[in-house]
Every structure is written in C-alpha cells, then in structure tokens.
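Protein chains in written order, with my numbering: chain A, 17 to 172; chain B, 3 to 503.
Every residue, glycine too, gets a C-beta built ideally from N, C-alpha and C.
Encoded as structure tokens, the structure appears first; notes follow it.
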Amino acid sequence: MNINTTKVISLLFFIFSAFYLYTAYQIQVFAFDENAPFNARTFPIYLGYVGLFFSGLKIILPDPNTIKVQHKTLEYKKTVILIVIAIIYGATILKVGYFLTTSLFLFSSYYFLGERRWVLMFLLSFPFVAAFMYLLHGVLDIYLRDPFLQSIGVMG
Amino acid sequence: MIEGILIGLTTALTLQNILMVMLGCFFGTIIGMLPGLGPMTAIALMIPITYGFDPATGLILMAGVYYGAVFGGSTSSILLNAPGVPGTVATSFDGYPMAQQGKAGKALAIAAWSSFAGGTLSAIYLLFMAPSLSKVSLSFRSPDYFALMILGLTAIAAFSSKGQFLKAMMMVVLGLMLASVGQDSLSDITRFTFNNMNLTDGISFVLVVMATFAMSEALTIILKRNDPTSAAKQVSLTELGSIKINKEERTKMYKTIPRSSVIGFLIGVLPGAGATIASFLAYGMERNIVNDEEKEKFGKGSVNGLSAPETANNAACSGSFVPMLTLGIPGSGTTAVMLGALLGFGVQPGPRLYMTNPEIFWSIIMSMYIGMVILLILNLPLIPYIARILAVPKNYLIPLILFFSITGIYVMSFNNFDIYLMIGIAVVATFMRLYDFPMPPLILAFVLGGLMEENLRRSLLLSNGSWEFLWDRTLTACILLTTILIVVWHIYKTMFKKTKG
Chain A
17 MNINTTKVIS
27 LLFFIFSAFY
37 LYTAYQIQVF
47 AFDENAPFNA
57 RTFPIYLGYV
67 GLFFSGLKII
77 LPDPNTIKVQ
87 HKTLEYKKTV
97 ILIVIAIIYG
107 ATILKVGYFL
117 TTSLFLFSSY
127 YFLGERRWVL
137 MFLLSFPFVA
147 AFMYLLHGVL
157 DIYLRDPFLQ
167 SIGVMG
Chain B
3 MIEGILIGLT
13 TALTLQNILM
23 VMLGCFFGTI
33 IGMLPGLGPM
43 TAIALMIPIT
53 YGFDPATGLI
63 LMAGVYYGAV
73 FGGSTSSILL
83 NAPGVPGTVA
93 TSFDGYPMAQ
103 QGKAGKALAI
113 AAWSSFAGGT
123 LSAIYLLFMA
133 PSLSKVSLSF
143 RSPDYFALMI
153 LGLTAIAAFS
163 SKGQFLKAMM
173 MVVLGLMLAS
183 VGQDSLSDIT
193 RFTFNNMNLT
203 DGISFVLVVM
213 ATFAMSEALT
223 IILKRNDPTS
233 AAKQVSLTEL
243 GSIKINKEER
253 TKMYKTIPRS
263 SVIGFLIGVL
273 PGAGATIASF
283 LAYGMERNIV
293 NDEEKEKFGK
303 GSVNGLSAPE
313 TANNAACSGS
323 FVPMLTLGIP
333 GSGTTAVMLG
343 ALLGFGVQPG
353 PRLYMTNPEI
363 FWSIIMSMYI
373 GMVILLILNL
383 PLIPYIARIL
393 AVPKNYLIPL
403 ILFFSITGIY
413 VMSFNNFDIY
423 LMIGIAVVAT
433 FMRLYDFPMP
443 PLILAFVLGG
453 LMEENLRRSL
463 LLSNGSWEFL
473 WDRTLTACIL
483 LTTILIVVWH
493 IYKTMFKKTK
503 G
C-alpha cells in the first residue's frame with residue numbers, strides 16, 4: 017500500500033495544531049484580563065483553529081501534485097553524520113572553546129563528506145578558523161569564550 | 003523629494019557605505035552563484051555582521067547582497083543550467099543554449115547589462131512611487147493593517163508555491179506559531195516556553211532564518227548530491243568567449259529592457275509575487291511581442307529571451323522594497339528577512355519611516371543606484387574569474403555554510419540551546435523541503451506574527467471585542483474580500499483537479 021507522505025505530514029501538523037490549541041487554552045492570564053476582549057491567549061487560540069483548518073483540508077482534499085521522493089538516491093548516511101557532528105559541536109563549543117571545536121568540526125565534516133586532500137583540509141580548518149576568530153575577536157571586538165586557548169596561554 | 007535625495011546621497015556616499023555596497027555586491031554575487039543558495043541565504047548569513055553597524059549601513063550592505071545574489075544566480079543559470087535562485091530560472095531558457103554555442107561571455111554580459119538597466123529604471127520608479135504611497139498609507143488604521151497582513155500572507159502562499167497553496171498556508175500558520183513563543187509583548191505572560199528559560203525571550207529571528215534557509219539548504223544539497231535530476235551538465239568555465247555585444251543585439255535590448263522593467267517592477271510591488279513570476283511573465287510577454295523570426299529563436303539562445311527575464315527579475319527586487327518601506331509589510335521572503343533585521347535594529351518600517359528615519363529610507367533608494375553601477379563595474383571585467391567559483395567542491399562548501407550559520411547564532415547568544423534548536427528546526431525544514439513545503443511563507447509569517455497580533459489586539463480593544471471592525475471600513479472589507487477570494491479560488495482549484503482526474 018502506498019502511503020502519501022504529504023498527507024502523513026499534514027496529519028502530524030493537525031496533531032501539532034491540536035496540541036498547540038490545547039496549550040494555548042492553558043496559558044495563565046491575569047484574573048482581570050480573563051474576560052477582556054483580547055488577552056495573551058486570544059491570538060494563539062485562533063491560530064490553533066486556523067492550523068487545524070488548513071491541515072484538515074490538506075488531509076481530506078485530494079492531492080493533485082503528489083510529491084514522490086526517490087529515497088534510494090538520497091544521501092541519508094552523510095547527512096545524519098553531519099547533523100551528529102553539528103550537535104557534538106554545539107555541545108562542546110562552550111566547554112572546550114571556539115577555536116578547537118570549530119576547527120575540528122570543519123576538519124571532520126570535510127573528511128566525512130569524502131574529502132582526502134589533507135593539506136587543503138587542514139588549511140581550511142585550523143588556520144582559517146584562527147583568521148576568522150581574529151576578525152571577530154580582534155577586529156570586530158566580538159567576545160569569543162575559549163577555555164582551551166586560555167589554558168595554553170594564547171588568549172587572555 | 004530633492005531634499006530626501008540629498009539626505010540619501012549624503013548617507014549612501016560615505017566611504018564606509020560605498021565599501022559596504024561593494025562588499026555586499028561581491029559576496030552576494032558569489033553566494034547567489036552557488037546553486038541552491040539564494041538571496042535569502044546570502045542575507046541571512048550577513049545579518050550577524052550587520053548588527054555591528056548603524057541601521058542605514060547594515061541595510062545598505064544587505065541591499066548590496068540582495069542585488070549581487072540575484073545577479074550571481076543568473077551566472078549559474080547561464081553556465082550550469084542550474085539556477086541559483088528561482089527568479090533566474092527563466093534566464094536559463096536562452097542563457098544556457100547561448101553558453102552551449104560558445105557565447106557564454108556574451109550571455110553573461112547581456113545578463114549584466116539587462117540587470118543593470120532593469121535595476122536602475124526600477125529604482126527611478128521606486129523613487130517616485132514610495133513617498134506618495136507612504137502618504138496614502140498614513141491613513142491606514144489597525145484593522146486595515148491587520149487585513150493587509152492577512153492578505154500579504156495569503157498572497158505569498160498563493161504565489162510562492164505552484165499548486166501547493168494549502169502546504170504554503172500550513173507554513174504560514176507554523177511561522178505565526180513560532181512567533182508566538184515567549185513573552186507576550188503587553189502582559190509579559192510567557193507562552194509555549196514549557197518552563198524553559200531559554201525560550202522566555204522567544205525564538206530569535208536570525209536563528210529561524212539560518213535554520214530554514216542556510217542550514218537546511220546545505221543539508222538538502224548533501225541529501226540530494228546523488229540525485230540524477232539535480233546533476234547539471236557543465237559549460238567550460240575557462241573558455242567563456244567574448245563579452246562584447248554587437249549593434250544588432252544592443253538594438254534588441256533597447257526595446258526589451260523598458261517594457262520588461264515596468265512589468266518587473268509592478269509584479270515586484272505585489273505582495274508575494276516577486277522576481278520569479280516577474281521573470282516568467284516578462285519572458286512570456288516578450289515572446290508574444292517579437293516577430294515570428296525572433297520567436298523561433300526563443301529557447302535556442304535569443305537575446306530578447308535572455309534580456310527580458312534578467313531585466314524583470316532585477317526590477318522586481320526594487321519593486322519588492324515598496325510595500326516594505328511604505329507599509330512595513332514585506333512583499334517577498336527576502337524583504338521579510340530585511341524587515342526582521344530592521345526590527346532588530348529598533349527601526350520600525352512603515353509609512354512614518356521616511357519622516358522618522360529619512361536617512362534610512364532615502365539611503366536605501368540611493369544605494370540601489372550605486373549598487374547597480376558597482377555590480378556592473380565589478381562583474382563585467384571579473385566574469386571569467388567569478389565563474390570559476392562555481393567549481394568549488396561541495397565537500398568544502400557545505401561545512402563552511404554550516405560553520406557560518408552556527409557561528410552566526412553562537413556569537414549572538416553564547417548558548418548551546420540555540421544551536422540545538424537551530425539544528426532541530428533545520429532538520430525539520432530539510433524534511434519538509436523534500437515534500438515541497440515552501441519556506442518563504444514561514445519566514446514572512448514569523449516576521450509579521452508580532453505585528454499582526456498587535457494590530458488585532460488594538461482593533462478588538464477599539465471595537466470592544468466585536469469583530470465588526472473587519473467590515474466597518476470599506477478599505478478593510480475590500481482587502482479581506484480579496485483574501486477570501488484567493489483562499490476560495492485555490493481550494494476550489496484543488497477540488498476541481500480531483501474531479502478531472
């Protein structure tokens with residue numbers, strides 16, 4: 017049986033809108049605002065109903081332009097690896113510091129995307145990040161926390 | 003107006019601002035040239051940098067990036083048959099065949115001159131139209147604004163997605179929902195934060211733009227790198243041929259450019275329409291106007307066929323500034339990004355902008371002229387060199403885009419949560435892109451969300467909670483009627499197609 021993925025996404029959006037609407041009704045407003053013509057929950061409540069309306073229409077109405085994605089040709093593995101690297105980058109950037117994490121993020125991304133020109137990979141990671149960091153920190157005066165560089169005495 | 007022009011020139015012609023236009027045009031051209039990366043990505047990547055400048059300079063930089071990216075998109079259309087932006091798809095119809103005939107240099111030169119002429123002419127139209135429209139829009143009240151925003155969002159949903167109106171409307175709702183996260187502007191009550199302190203201030207506009215455009219575009223490029231339909235045949239990037247345009251070709255362009263610039267500008271002014279529709283309409287119109295002999299050449303390397311969409315898409319770019327500058331309602335996804343950046347600067351665009359911040363209003367218009375001249379000076383001689391950037395391997399390009407996106411967010415918040423949130427939104431956006439859920443309506447809705455709620459609040463309070471404000475004023479009623487017609491027409495079309503099937 018063929019499942020129309022667009023309809024599945026629309027169904028998910030319908031459920032999401034229902035949850036949004038439920039949460040909108042739970043918003044705590046001030047007692048004196050409870051019966052006001054407009055309070056903090058008015059707009060979200062209407063929005064929830066509009067979400068239900070359009071996603072509901074998408075589910076029940078025919079889909080003349082069905083999108084068929086050729087999953088076999090898609091590079092899921094490399095995409096997932098890159099997302100995981102980005103998450104690790106996000107998790108370590110504050111603790112380790114901008115320079116080392118960013119350089120490693122770039123170097124490993126080049127590697128997992130299939131690059132093997134080591135010198136170019138190195139030049140476009142460590143020295144590149146150092147130059148960019150100098151531009152941000154040194155020229156534009158944007159503070160960049162870097163415990164690693166502080167520990168080795170490069171940064172004050 | 004003369005005084006305004008002088009104010010604009012004084013602001014735009016400072017050394018710093020000229021440098022910004024040059025840098026913007028240059029980087030915009032490079033980013034726009036890379037297939038898959040359009041003006042919105044280019045501008046999104048620039049936003050963190052612009053926060054270091056004053057609003058006028060920041061906006062001048064972004065405007066330069068915008069024109070540069072549109073021009074850059076034409077280069078990849080002509081050389082690779084892979085349009086960098088949807089607005090340059092029509093350029094590839096005749097530009098790519100011309101390049102295949104060994105006239106790539108000429109095709110690029112025709113594109114450059116047409117872009118220049120289209121942009122310059124439409125900047126003149128803007129100069130006359132914007133102040134008068136500003137005066138008219140001063141009579142607008144909250145209900146009119148509320149109705150106008152609904153119309154803008156509906157129109158962008160209708161125009162930005164071919165036959166995918168309901169999907170686009172779902173993206174509009176999602177954008178508004180994302181905008182409602184955080185503290186309510188009037189009562190300070192937190193909404194949809196789930197007791198997470200990081201969400202109290204709401205979701206950052208830059209984060210949403212970076213995630214839905216820069217990052218998700220990069221992820222889509224990796225995901226589809228083996229897709230045979232996205233692989234492009236390549237024209238030699240080292241043998242581009244002469245960039246000289248002969249007299250006969252010039253004569254053809256003289257006729258095409260004025261009419262295409264008018265249609266481009268007018269389409270650009272309409273909310274949601276933008277460069278893509280403008281370029282296709284100009285191409286179609288030109289084909290109907292020319293003689294039979296010239297008509298035969300369309301699709302095989304026609305000068306008119308290349309010049310018309312190129313003129314129109316640049317004219318539409320200037321046109322899309324009209325609703326943003328005069329009404330405070332962006333006409334396209336790209337101007338929505340710019341509006342968001344302006345709000346970040348603490349500047350409220352709208353009918354009063356040219357009275358409260360005349361230097362911003364006029365310097366943007368003036369920087370358009372300067373930008374066009376710089377684009378031409380910069381791009382014509384550099385065409386052979388710039389074209390080689392298209393050979394940059396994706397293995398380097400993708401990580402660098404991700405790096406710029408994450409750094410952009412990191413330097414603004416110094417917060418891990420924002421990075422995770424950005425990655426999460428980017429993954430969802432990438433998945434939705436695969437199924438043709440358009441992103442510009444989401445961005446426009448996210449930017450307009452706060453303003454829309456504010457105008458609804460004022461309208462409801464003034465009418466004591468009655469919804470009569472929707473039809474009390476003729477203007478409000480007319481705008482809403484147009485919106486209803488668009489919605490009903492698109493739903494009817496969806497149902498009718500089924501009956502046919």
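How many angstroms separate the CA atom of residue i from the CA atom of residue j?
| i | j | result |
| --- | --- | --- |
| L225 of chain B | L90 of chain A | 5 Å |
| D438 of chain B | L129 of chain A | 25 Å |
| F144 of chain A | I403 of chain B | 14 Å |
| L68 of chain A | T58 of chain A | 16 Å |
| F498 of chain B | E250 of chain B | 48 Å |
| P99 of chain B | L209 of chain B | 40 Å |
| T202 of chain B | G346 of chain B | 17 Å |
| R143 of chain B | F29 of chain B | 40 Å |
| M171 of chain A | S244 of chain B | 52 Å |
| F300 of chain B | P311 of chain B | 12 Å |
| F323 of chain B | P332 of chain B | 7 Å |
| M454 of chain B | Q44 of chain A | 21 Å |
| G348 of chain B | S187 of chain B | 15 Å |
| R227 of chain B | I408 of chain B | 22 Å |
| S124 of chain A | Y398 of chain B | 11 Å |
| Q236 of chain B | S76 of chain B | With a pLDDT of 49 at Q236 of chain B, under the threshold of 50, the modelled position of that residue is not reliable, and the figure given next carries that caveat. Going by the C-alpha atoms only, they are around 15 Å apart. |
| K88 of chain A | S94 of chain B | 29 Å |
Go ahead and pull the three-state DSSP assignment for residue i.
| i | result |
| --- | --- |
| G169 of chain A | coil |
| K235 of chain B | Note that K235 of chain B scores 48 on pLDDT, short of 50, meaning its location in the model is unreliable and no value can be drawn from it. |
| G243 of chain B | coil |
| G330 of chain B | coil |
| R143 of chain B | coil |
| T192 of chain B | strand |
| A185 of chain B | Residue identity check: residue 185 of chain B is Gln in the sequence provided, not Ala. Three-state DSSP puts Q185 of chain B in a strand. |
| G104 of chain B | coil |
| W491 of chain B | helix |
| Y55 of chain B | Residue 55 of chain B is actually Phe in this sequence, not Tyr. F55 of chain B: coil per DSSP, three-state reduction. |
| Y159 of chain A | coil |
| W134 of chain A | helix |
| K502 of chain B | At K502 of chain B, the pLDDT of 46 sits below 50, so the modelled position is not reliable; the number obtained from the coordinates is stated separately. DSSP places K502 of chain B in helix when its eight states are reduced to three. |
| R460 of chain B | helix |
According to the Cβ coordinates, are residue i and residue j closer than 9 Å?
| i | j | result |
| --- | --- | --- |
| L308 of chain B | A114 of chain B | no |
| F207 of chain B | M441 of chain B | no |
| G543 of chain B | G270 of chain B | Chain B is shown from 3 up to 503; residue 543 of chain B falls before or after that span and cannot be answered. |
| L153 of chain B | T485 of chain B | yes |
| V489 of chain B | T12 of chain B | no |
| M374 of chain B | N306 of chain B | no |
| V339 of chain B | M64 of chain B | yes |
| F405 of chain B | T39 of chain A | no |
Can a CB atom of chain A be found closer than 9 Å to the CB of residue i?
| i | result |
| --- | --- |
| A234 of chain B | Low per-residue confidence applies at A234 of chain B: pLDDT is 46, beneath 50, and the placement is therefore not dependable, though the value from the model is reported in the following sentence. Answer no: the Cβ-Cβ gap between A234 of chain B and chain A never drops below 9 Å. |
| Q166 of chain B | yes |
| L462 of chain B | yes |
| F194 of chain B | yes |
| S189 of chain B | yes |
| G467 of chain B | yes |
| K246 of chain B | no |
| L402 of chain B | yes |
| I367 of chain B | no |
I want to see whether chain B comes within less than 9 Å of residue i, judged by CB atoms only; does it?
| i | result |
| --- | --- |
| A52 of chain A | yes |
| Y150 of chain A | no |
| G106 of chain A | yes |
| Q44 of chain A | yes |
| G113 of chain A | no |
| G154 of chain A | no |
| A102 of chain A | yes |
| F29 of chain A | yes |
Got a sec: is the Cβ-Cβ distance from residue i to anything in chain E below 9 Å?
| i | result |
| --- | --- |
| E219 of chain B | Note that chain E does not occur in the displayed structure, where the protein chains are A and B. |
Is it a yes or a no for the region 352-369 of chain B touching the region 80-95 of chain A, going by three-plus beta-carbon pairs under 8 Å? When Cβ pairs closer than 8 Å are counted between the two stretches, the region 352-369 of chain B is seen not to touch the region 80-95 of chain A, the count staying below three.
Flag this pair as touching only if the region 32-46 of chain B and the region 64-71 of chain B have three or more C-beta atom pairs under 8 Å; answer yes or no. When Cβ pairs closer than 8 Å are counted between the two stretches, the region 32-46 of chain B is seen to touch the region 64-71 of chain B, the count reaching three or more.
Any contact between the region 119-134 of chain A and the region 152-170 of chain A? By contact I mean 3 or more CB pairs, one from each, below 8 Å. The region 119-134 of chain A makes no contact with the region 152-170 of chain A, as fewer than three CB pairs between them are under 8 Å.
Does the pairing of the region 104-113 of chain B with the region 379-390 of chain B give three or more beta-carbon distances under 8 Å? These segments touch.
For the region 279-287 of chain B against the region 126-135 of chain B, are there 3 or more C-beta pairs whose distance is under 8 Å? With the cut-off at 8 Å, the region 279-287 of chain B and the region 126-135 of chain B do not touch.
Would you say the region 171-188 of chain B touches the region 448-465 of chain B, given that touching needs at least three Cβ pairs under 8 Å? Yes: the two stretches touch, three or more of their Cβ pairs being nearer than 8 Å.
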